[in-house]
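Data block below; observations after.
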Amino acid sequence: MQEDSPLTEATSDSRGASLLTSREPSPSDHSGRGTSRRSKITRKSHRKSRAGCVNCKSRRIKCDEGKPSCANCKRRQVRCEYPANPATSAAASGLVDPREPGDLPISEIELTYHWATTTCHSFSAWPAGVARVQALTEEVAMKNQHVLHLIFAFTALHLAVCRPKRKEHYTTTADYHYERALALVTPEIASLSPDNCDAVLQSVQMICFVSWARGPQAGEYLAFGKHGRSDWLVMFRGIRTTLASLSRDHFSKTHGPNTRGKGRLLPPSDGPFEYEKQLMELKEHIEFVSEPADRDDNVNSVEVLQEMYSNRYGGKDGEYHVAFGWLYRMSEDFLDRLQRCDPLPLIIYAHFVVLMHDLEKFWYMKGWTHHVMSGIYEALPIEHKAYISWPMARVGWIAP
1 MQEDSPLTEA TSDSRGASLL TSREPSPSDH SGRGTSRRSK ITRKSHRKSR AGCVNCKSRR
61 IKCDEGKPSC ANCKRRQVRC EYPANPATSA AASGLVDPRE PGDLPISEIE LTYHWATTTC
121 HSFSAWPAGV ARVQALTEEV AMKNQHVLHL IFAFTALHLA VCRPKRKEHY TTTADYHYER
181 ALALVTPEIA SLSPDNCDAV LQSVQMICFV SWARGPQAGE YLAFGKHGRS DWLVMFRGIR
241 TTLASLSRDH FSKTHGPNTR GKGRLLPPSD GPFEYEKQLM ELKEHIEFVS EPADRDDNVN
301 SVEVLQEMYS NRYGGKDGEY HVAFGWLYRM SEDFLDRLQR CDPLPLIIYA HFVVLMHDLE
361 KFWYMKGWTH HVMSGIYEAL PIEHKAYISW PMARVGWIAP
């Protein structure tokens, strides 16, 4: 970890030099509670949820408004927060301290620590790549709450994997931070400008990682889905849209297009060394059977795939994630035909899944390869299924 990482610096400057101090302030305590009297009988007041916590309001249940955590949230072991009020606004302005004495943000402390020591290492195959990604992500998160919430969401999902006995708790925490992030970043995307483009790009990338970390979803196969384009693909292509909407000069030197650092070569791989012959046969088949209007686009998709294989198994690039450059470079027409389950794009996509299989070295990609291959197999007409036998064998997926 780099020495100047915001996570490891002391929180001494005016804005707080840690991810933890960048969190949104908690609401101040409510007062004015008491008992109600009817006739001569004293009875416990009926507390309505008008001023209840966010979780109780969303579940439409009564909240006892306990601080720092209500009884319902304590029982469910989830983070308890209250909606903003005038006292909160004053606290955000620095006029009052919104926390009760001794009230520490334990959840954020845990997430910050796990991010700094473990989760951030998920982004690269090499320490140098980890340090670079960590520094860039934290630099933007210090100034943009939506990036910070996405870091917390991703880390919470990692903790759900590491500590399965508390999976429900961490998943709920991830959902909370993810929803907060979306609420904050959506208006930023709508008003993209040179001032916010770095942060928006970082958030869109993090949303893709969070989508992976949630695990395979029924009917969604990354590049296509049964009920329309998958949410992941919409966000992934959003990276391309974000970069294309502004001149690259508007992005900082650390976040702009084509600034991904060259990593060390990947370790020796027992990769499919027969891939050159296989992809050449695939290209010949695609050229022969494609409709004239689609031939150039289909052939180009195979040629880009050959380049991705060469990068991975030919030792030309230092990171696993470069494989997704294939989906990034596909035309909208190709992706539309893939969404319509056109057999040829599906066959080509199945050969891409072999590259994706390598990414299962990372916790957030576990299970995706077989899930996507099963979706492709199911969508292909029976007369085309034989053309994906090689990628099926390479990833170890057997048809039911």
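Quick note: UniProt numbering has the sequence shown finishing at residue 400, numbered continuously throughout. Glycine included, every Cβ here is placed at the ideal spot set by N, Cα and C. Because the structure is a prediction, the values reported are computed rather than measured.
So that I know if they touch, is there some Cβ in chain B lying closer than 9 Å to that of residue i?
i: ALA350; result: Here chain B cannot be found, since the structure has a single protein chain.
Determine the extent of the alpha helix (DSSP H) in which residue i is found, giving its start and end residues.
i: VAL210; result: 197-213
i: ARG75; result: 71-76
i: ALA160; result: 145-162
i: SER389; result: 389-395
i: GLU108; result: 106-117
i: HIS169; result: 167-190
i: TRP326; result: 325-329
i: TYR221; result: Taken as a continuous stretch (DSSP letters only), TYR221 belongs to no alpha helix (DSSP H), as it is neither H nor E.
i: ALA126; result: Per the sequence shown, the amino acid found at residue 126 is Trp instead of Ala. Note, TRP126: premise wrong, no alpha helix (DSSP H); not H, not E.
i: ARG340; result: Where ARG340 is concerned, there is no enclosing alpha helix (DSSP H), given that its DSSP letter is neither H nor E.
i: LEU380; result: Note, LEU380: premise wrong, no alpha helix (DSSP H); not H, not E.
i: GLY66; result: Element bounds for GLY66: n/a, residue is neither H nor E.
i: PRO400; result: Looking at the DSSP string, PRO400 is not in any alpha helix (DSSP H), and its letter there is neither H nor E.
i: LYS277; result: 275-289
i: MET308; result: 292-313
i: GLY238; result: 231-245
CB residue i to CB residue j, shorter than 9 Å?
i: PHE154; j: MET235; result: no
i: THR171; j: ALA181; result: no
i: VAL140; j: ASP198; result: yes
i: MET308; j: LEU355; result: yes
i: TRP390; j: GLN278; result: yes
i: LEU335; j: LEU233; result: yes
i: ARG237; j: HIS169; result: no
i: SER230; j: LEU192; result: no
Please report the straight-line C-alpha distance between residue i and residue j, rounded to a whole angstrom.
i: ARG337; j: LEU327; result: 13 Å
i: LYS44; j: PHE152; result: Note that LYS44 scores 45 on pLDDT, short of 50, meaning its location in the model is unreliable; the coordinates nonetheless yield the value given after this. In a straight line, the C-alpha of LYS44 is about 39 Å away from that of PHE152.
i: THR241; j: GLU65; result: 44 Å
i: VAL147; j: ALA323; result: 24 Å
i: GLU287; j: CYS162; result: 47 Å
i: ALA218; j: PRO187; result: 29 Å
i: ARG79; j: CYS208; result: 24 Å
i: TYR387; j: LYS226; result: 22 Å
i: CYS56; j: ASP294; result: 53 Å
i: HIS357; j: SER310; result: 16 Å
i: LYS398; j: TYR377; result: According to the sequence displayed, residue 398 carries Ile and not Lys. Between ILE398 and TYR377, the C-alpha separation is close to 10 Å.
i: THR118; j: GLU291; result: 49 Å
i: GLU24; j: CYS63; result: Interpretation of GLU24 is limited by its pLDDT of 49, a score under 50 that renders its predicted location unreliable; the figure taken from the coordinates is listed afterwards. Cα-Cα distance, rounded: 22 Å.
i: MET365; j: ALA160; result: 14 Å
i: ALA213; j: GLY367; result: 10 Å
i: PRO400; j: GLY215; result: 21 Å
i: ILE61; j: CYS120; result: 37 Å
i: GLU276; j: ASN300; result: 16 Å
i: GLU138; j: ALA51; result: 34 Å
i: LYS167; j: ASN72; result: 18 Å
i: PHE134; j: TRP115; result: Reading off the sequence, residue 134 comes out as Gln, not Phe. Going from the Cα of GLN134 to the Cα of TRP115 covers about 9 Å.
i: TRP126; j: LEU111; result: 23 Å
i: ASN144; j: PHE224; result: 31 Å
i: HIS285; j: MET392; result: 18 Å
i: ARG394; j: LYS74; result: 47 Å
i: TYR178; j: HIS158; result: 14 Å
i: ALA128; j: LEU136; result: 12 Å
i: HIS370; j: VAL353; result: 9 Å
i: PRO194; j: ARG59; result: 39 Å
i: GLU360; j: GLY396; result: 13 Å
i: LYS67; j: ILE189; result: 35 Å
i: ARG260; j: ARG132; result: For ARG260, the pLDDT reaches just 43, beneath the cut-off of 50, and the residue's location in the model is therefore unreliable, although a value from the coordinates is still provided. Distance between the alpha carbons of ARG260 and ARG132 is about 10 Å.
i: LYS283; j: GLU274; result: 15 Å
i: MET280; j: TYR313; result: 16 Å
I think residue i touches residue j, with their Cβ atoms under 8 Å apart; what is that distance to the nearest whole Å?
i: ALA350; j: MET373; result: 7 Å
i: SER107; j: LEU150; result: Actually they are not in contact, since the Cβ atoms of SER107 and LEU150 sit about 15 Å apart, beyond 8 Å.
i: SER122; j: TRP363; result: 6 Å
i: VAL289; j: LEU344; result: 7 Å
i: VAL210; j: VAL200; result: Not really, about 15 Å apart at Cβ, beyond 8 Å.
i: ILE348; j: HIS384; result: No, ILE348 and HIS384 are not in contact; Cβ-Cβ is about 12 Å, not under 8 Å.
i: ASP297; j: ASP333; result: 6 Å
Every unbroken beta strand (DSSP E) inside the segment 346-371 [3 residues or more]: Within the segment 346-371, not a single complete beta strand (DSSP E) segment reaches 3 residues in length.
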